[in-house]
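Participant: Sharing a structure with you now.
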Amino acid sequence: MHPTIAEFGPFTLYSYGVMVAIAFIVGIYFARQEALRKDIKPDLVYDLVFFLAVGSLIGARFYYLAFFDPASFVKNPVSIFRIWEGGLAVHGAILGGIIACVLFARSRRMSFWKLTDLITPSVILGQAIGRIGCFLNGCCFGVPTDSVFGVRFSKGSLPDIAYAGLPVHPTQLYEFALDLSGFFILWAMRRKIRFEGGLFLAYLAMYSIIRMIISSLRGDSLYIWNTNLKTAQVISGIIFVIALRLFISKRKKSA
Numbered sequence: 001m002h003p004t005i006a007e008f009g010p011f012t013l014y015s016y017g018v019m020v021a022i023a024f025i026v027g028i029y030f031a032r033q034e035a036l037r038k039d040i041k042p043d044l045v046y047d048l049v050f051f052l053a054v055g056s057l058i059g060a061r062f063y064y065l066a067f068f069d070p071a072s073f074v075k076n077p078v079s080i081f082r083i084w085e086g087g088l089a090v091h092g093a094i095l096g097g098i099i100a101c102v103l104f105a106r107s108r109r110m111s112f113w114k115l116t117d118l119i120t121p122s123v124i125l126g127q128a129i130g131r132i133g134c135f136l137n138g139c140c141f142g143v144p145t146d147s148v149f150g151v152r153f154s155k156g157s158l159p160d161i162a163y164a165g166l167p168v169h170p171t172q173l174y175e176f177a178l179d180l181s182g183f184f185i186l187w188a189m190r191r192k193i194r195f196e197g198g199l200f201l202a203y204l205a206m207y208s209i210i211r212m213i214i215s216s217l218r219g220d221s222l223y224i225w226n227t228n229l230k231t232a233q234v235i236s237g238i239i240f241v242i243a244l245r246l247f248i249s250k251r252k253k254s255a
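In structure tokens:
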């Protein structure tokens, strides 16, 4: 685990922040390639990514602080801006990104669904890269395991504190592999799905399945009050049902 890469006086270069930056850069590249293929001006991609970056980061941070660490925000409100230290939630990022995309589509008088299809492969690839940052940061860890896949994180890290130094499932790397596989699947599907929004809805359904699988092994999950249901799994299940119904409905209308 390497949460920090280097320190330059008062400035600290965090591995998580670096991976998030790389995720956006790589995402912009693939979104630009899609824009060129669809005869969309590349400049639009840069503007769209800016909107999505702001919306998704705000959504991810608010969601994390609201559900995972409200005490930190109350104690130090400035902590909401420290995204380079970690503390971002994917479901919050998706919600924030959707809101940002709706606003951008309205401002440009473009189809919301067309824009989401354009950016979808970049989104799941960015999530994959981001999970490497989670692994280096020591967050989003799994439950203890005695399997060969178990990883023992360094002394004082979140997994070490939570489980007294026991090896845990590297759920960050599991999700990296699944997200990367999802990217290749969606990249291949992008030419085959003919109706607007199909690729984005396929992503939502696919990622919901991925998240439900990963959440079953996560050791830092929140639970629905007074139940054994994990919040992330319930939210993912709801998103899956909505995305699947919309996908089927839009496909029928386009037939």
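Just so you know, my numbering puts the end of the sequence shown at 255, numbered straight through with nothing missing. Using N, Cα and C, we set each Cβ at its ideal position, and we do this for glycine too. Note that this is a predicted model, so its numbers are computed, not measured.
(1) Between which two residues does the alpha helix (DSSP H) carrying Phe240 extend?
(2) Is the distance from the Cβ of Ala205 to the Cβ of Ala177 below 9 angstroms?
(3) What is the rounded straight-line gap between the Cα of Gly198 and the Cα of Leu158?
(4) Does the beta-carbon of Ala128 have 16 or more other beta-carbons within 10 angstroms, so that it is buried, or is it exposed?
(5) By DSSP's criteria, Tyr14 is part of a beta bridge. Which residues make up the other side?
(6) Alpha carbon to alpha carbon, how far is Tyr63 from Ile235?
(7) What are the boundary residues of the alpha helix (DSSP H) that Lys38 is part of?
(8) I'd like to know whether the C-beta atoms of Leu136 and Pro10 end up nearer to each other than 9 angstroms.
(9) Under 9 angstroms between the Cβ atoms of Ser208 and Gly182?
(10) Under 8 angstroms from any heavy atom of the ligand GTP, does the C-beta of Leu103 make it?
(11) Taking Leu217 as the reference, give the member of Ile239, Leu173, Glu196 with the closest Cα.
(12) Can you give me the Cβ contacts of Pro144 inside the same chain, cut-off strictly under 6 angstroms, excluding the 5 residues immediately before and after it?
(13) Going by beta carbon distance, what residues of the same chain come within less than 7 angstroms of Glu175, once the five residues before and after it are set aside?
(14) Which whole-angstrom value is the C-beta distance of Leu186 and Thr116, which I expect to be below 8 angstroms?
(15) Below 7 angstroms CB to CB, which residues in the same chain sit around Arg106 once its five sequence neighbours on both sides are set aside?
(16) Is there a C-beta anywhere in chain B that falls below 9 angstroms from the one on Gly96?
(17) With C-beta atoms as the reference, is Tyr16 less than 9 angstroms away from Gly133?
(18) Should Tyr247 be labelled buried (16 or more other beta-carbon atoms within 10 Å of its own) or exposed?
(19) When the distance is taken between beta carbons, is Ser56 closer than 9 angstroms to Glu196?
(20) Can you give me the Cβ contacts of Leu36 inside the same chain, cut-off strictly under 6 angstroms, excluding the 5 residues immediately before and after it?
(21) Determine the contact status of Ile224 and Thr231, defining contact as a CB-CB distance below 9 angstroms.
(22) Shortest alpha-carbon distance to Cys140 belongs to which of Lys252, Ser147, Phe153?
(23) What are the boundary residues of the alpha helix (DSSP H) that Gly133 is part of?
(24) Going by C-alpha to C-alpha distance, which of Glu34, Arg251, Ala23, Gly219 sits closest to Gly150?
(25) I'd like the span of the alpha helix (DSSP H) that includes Ala89, first residue to last.
Facilitator: On the basis of the data shown:
(1) 231–254
(2) no
(3) 39 angstroms
(4) buried
(5) Thr4
(6) 13 angstroms
(7) Lys38 -> no alpha helix (DSSP H), and no H or E assigned at all.
(8) no
(9) no
(10) Here there are no bound small molecules, and the ligand GTP is not part of this structure.
(11) Leu173
(12) Tyr163, Leu166, Val168
(13) Arg131, Ile210, Ile214
(14) Actually they are not in contact, since the Cβ atoms of Leu186 and Thr116 sit about 12 angstroms apart, beyond 8 angstroms.
(15) none
(16) Among the chains of the structure shown, chain B does not appear; only one protein chain is present.
(17) yes
(18) Reading off the sequence shown, one finds Phe at residue 247, where the question assumed Tyr. It is buried - the Cβ of Phe247 has at least 16 other Cβ atoms within 10 Å.
(19) no
(20) none
(21) yes
(22) Phe153
(23) 112–137
(24) Gly219
(25) Per DSSP, Ala89 belongs to no alpha helix (DSSP H) and is neither H nor E.
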